[in-house]
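Presented below is the structure to which this report refers.
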Amino acid sequence: MTTRPLSPPTSPRKRTKAMHLPSSQRICHDWMVVQGNVHYARDRAHFTTYRPVTAHLKNNIFNPMDELEVAGIGTVEIPVVRSLDNPFDTHTIVLENVLHIPEAVCNGFNPLLFGSSMSCTETAWMGADREELSEWTMAEKTATSVSHVDETDHPNVEIKGGVGDTALAVATSLQKPSLWSKSMLKLYGCIAVAMLNSCINGYDGSLMGSINSYAQYRDYFGFDPNNGTPSTGIVYAIYTIGNIVGSFVAGPATDFKGRRVGMALGSLFIIIGTIVQATCHNIGGFMGGRFILGFGVAISATAGPAYVSEMAHPAYRGAMTGLYNVLWFGGGIPGTFIPWRTSQIEGTMSWRIPIWLQMVFSGLVLIFVPFVAESPRWLISQDKHDAALQVLADYHGDGDRNAPIVQLEYREMIEDISQTGSDKRWWDYRELFNTREVRYRSMLVIIMALFGQWTGNGPVSYYYPQMLRGAGITDNNTQLMLQGVQNVVSFLGAVSGALITDKMGRRTQLLVSTSIVVVLFAIVTALNATNVVDGPDGTPIAKSAVAARAQIAMIYLFGFVYSAGWTPNQAMYPVECLRYESRAKGMGMNNFFVNIASFYNTFVTGIAFTQAGWKYYFLFIFWDTMEVIVIYFLFVETSKRTLEELTAIFQQKNPVKASLKKQDLTEIEEMK
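In case it helps, our numbering puts the sequence shown at residues -3 to 668.
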């Protein structure tokens, strides 16, 4: 293979003036076959000419660019950069009696780049070589092959099938990624820093539930030692309100100077909020700190998952991004066990110490985030192509810029990411709703936010304290310890879910988990119906210790099943559904609806159980059944594709059907 300017084609051509093209079109990523020679335009100034194709040449052009599409037989004029010295000096190739292969067929992996045996099987065009016949015919579902395996580059690999969404499978088969290579180890370090943002959220979520039971905490702020008050509810709610307000800032903050700056900014607000909380002397100061903390968490919860999904190796994106939300328990578990130990301390330090420790995770993010690589997708959006390619090479290609997976990702990013998108305008949210494609994406993001909070993971344990007392467990210290064990069980479920998500698929994972949840809710409802009664003072109590233990077991099992299905997907699925230009703002929108649903849970659940008792569980049996139906008919499968390849799926008339269609790649085998 040699690198040189494109040779003048032998087909008729006409000279054109150097034209002004939008940046997305100036970067050529077309594939073309001209008189048997394969030319691949890698970027603005580099052309690579590969060895001539002489066998089984049927298709004269592969060109997925919309402006070059033709309806049928006709003439195609292709503007081509002519000179390495002046990439905007163009001429036009004119090909007559050729047929354009639809984008859905030949978009994605370029079979002419690495050498392969390719077959277009979707609405393929079949005909004689253009040099022999000028007539073409269309054959639905008939394979048209271009065979040109480069034995010098990949002598042991034969790839059979089509292209499209098989690009990732083909590229990874040509250079199988090692989990313990130098580049992957460096990648783990970057992703670990981003995952600390999830630990921040988990620590607070468990912390407040624990210290709210402290007599020291309730006495200091004048709360009723036995019952909830409007003030205790407001302490919980003010954090959610800060999170909701922060959701509107999170997207622009993450887009403005990059994902790293977004993570640092969120961590800074969290540290400030922690200091205000830990040093306060009245409830007003405590709630002010809670608001600032929630505001910062909103930014961290937007920048963190966006960074992980954009930096993750595409072959392992499911596990890496799924583990992001799993690390909620990385903060949630210490957020339970630390208060369990500090509850023995007399005075205000019993609750101030665990609050001070809230800044540990955000402090680590602030220290290490300057040393991690920036998202290559953000770099592409800022027209920093060389830096983006270097990041991809360093973290996905073992330092090789020409590695198959690196070139695949680089080309797809250039094609998909606009340098003038709405991510450059902090006030512009139109790309979340201005086309049918993005409206469908946004719909899934909102549904995922609501379903993740309303599947019943909180209400299922509403009678947990009564069940503990009914089982003879009355010591507050023991109850705190068991709450920590419950978090450990849920954590194990979440890790299991993250590790199987790529093999199982996002849809199947959610469908199976939610279906089991419906069954568990039915069992919990039956146990409550037969075991929960009103005591002499009107408060619910458990009649049977055996039934109480059974319900405790169901609550633990529910936590495992829910976490295995929903916890990995709560951050991963929304971030996969969003295009780059709207990803940060879309995750801010996701965070907004998560907190709206959480706000509802905080204030409505208690009232509903007070009025309806255990019968309120019937609502969740109905609701979760409805969730299963919605997931089945509306949720797109996002696994086993790069983020950019999902664009073609969401552009289809029926995205669900398109996402479930078996990939064209039917066989990737090592030849002995």
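Yeah, the Cβ is synthetic: ideal placement off N, Cα and C, and Gly gets one too.
Taking the C-alpha atoms as reference points, what is the distance between residue i and residue j?
i, j, result
"K653", "N197", "36 Å"
"C24", "V387", "Note that C24 scores a pLDDT of 30, beneath 50, so its modelled location is shaky and nothing firm can be said."
"D382", "G201", "41 Å"
"G489", "L476", "20 Å"
"P532", "A302", "53 Å"
"L615", "A525", "14 Å"
"L478", "P350", "18 Å"
"A389", "V304", "17 Å"
"M409", "M550", "46 Å"
"Y235", "R348", "17 Å"
"Q340", "R465", "21 Å"
"G501", "K636", "8 Å"
"L642", "S377", "18 Å"
"Q547", "L523", "7 Å"
"F105", "F646", "Bear in mind that the predicted position of F105 carries a pLDDT of just 32, short of 50, making it unreliable; the figure below should be weighed with that in mind. F105 and F646: Cα-Cα distance of roughly 18 Å."
"T598", "P651", "35 Å"
"I496", "N591", "28 Å"
"K172", "I401", "9 Å"
"L670", "N472", "Because the chain is modelled from -3 through 668, residue 670 falls outside the range shown and cannot be assessed."
"A188", "V571", "18 Å"
"V513", "G395", "45 Å"
"E427", "I519", "44 Å"
"Q403", "F244", "35 Å"
"G393", "S179", "7 Å"
"F333", "G555", "18 Å"
"M355", "M259", "14 Å"
"F265", "L289", "6 Å"
"I267", "S346", "20 Å"
"T86", "N398", "A caution first: T86 carries a pLDDT of 44, below 50, which makes its placement in the model unreliable, though a value can still be read off. So the two alpha carbons sit approximately 26 Å from each other."
Considering only the alpha carbon of each residue, which of the options lies closest to residue i?
i, options, result
"N483", "S559, A518, T521", "S559"
"T344", "Y216, M444, S457", "Y216"
"S174", "A311, N239, Y232, M283", "A311"
"G468", "N321, S655, I537, R407", "I537"
"S371", "M180, Y628, G247, D251", "D251"
"Y569", "Y199, V231, V241, G318", "G318"
"W450", "T601, L404, Y391", "T601"
"W610", "M316, T521, D394, V402", "T521"
"A604", "P455, V245, F447", "P455"
"L181", "G247, L203, V368", "V368"
"A670", "L516, F487, F517, A494", "With the chain represented from -3 up to 668, any question about residue 670 goes unanswered, as that position is not in the structure."
"L261", "Y436, S358, Y628", "S358"
"L639", "S578, T606, F588, S206", "S578"
"T634", "A211, A315, C573, V481", "C573"
"M204", "G185, I230, G218, G314", "I230"
Between which two residues does the beta strand (DSSP E) holding residue i run?
i, result
"P676", "Outside the displayed range of the chain (-3 to 668) lies residue 676, so it cannot be described from this structure."
"D530", "528 to 530"
If you follow the alpha helix (DSSP H) that residue i is part of, which residue opens it and which one closes it?
i, result
"D620", "613 to 630"
"A308", "Taken as a continuous stretch (DSSP letters only), A308 belongs to no alpha helix (DSSP H), as it is neither H nor E."
"G582", "576 to 608"
"D382", "381 to 392"
"G683", "The structure shown does not extend to residue 683, since the chain spans only -3 to 668, so no value can be given for it."
"P366", "Neither: P366 is in no alpha helix (DSSP H) and is coded neither H nor E."
"A644", "642 to 646"
"A654", "651 to 656"
"P173", "No alpha helix (DSSP H) contains P173, which DSSP labels as neither H nor E."
"I349", "345 to 352"
"S377", "372 to 377"
Check whether the Cβ of residue i lies closer than 8 Å to any heavy atom of the ligand COA, and answer yes or no.
i, result
"Y425", "Among the ligands in the structure shown, none appear at all, so the ligand COA cannot be discussed."
The segment 548 to 564 / the segment 492 to 507 touching (three or more Cβ pairs under 8 Å): yes
Inter-stretch contact at 8 Å, needing at least 3 Cβ pairs: the segment 319 to 339 / the segment 271 to 285: no
Touching by the beta-carbon criterion (3+ pairs, under 8 Å), the segment 573 to 591 and the segment 432 to 444: yes
Ordered list of beta strand (DSSP E) runs contained in the segment 544 to 568, each at least 3 residues: Runs of the beta strand (DSSP E) inside the segment 544 to 568: none found.
Validate contact between the segment 256 to 272 and the segment 532 to 549 using beta carbons, cut 8 Å, 3 pairs: no
Entirely enclosed alpha helix (DSSP H) segments - the segment 411 to 488, minimum 4 residues: Assignment of alpha helix (DSSP H) within the segment 411 to 488, counting only whole runs of 4 or more residues, yields 432 to 450, 460 to 466 in chain order.
Stretch-stretch touch, CB-based, cutoff 8 Å, three pairs: the segment 618 to 629 with the segment 252 to 259: no
Stretch-stretch touch, CB-based, cutoff 8 Å, three pairs: the segment 607 to 614 with the segment 279 to 295: no
Segments assigned alpha helix (DSSP H), at least 4 residues, entirely inside the segment 200 to 275: 211 to 217, 226 to 252, 255 to 275
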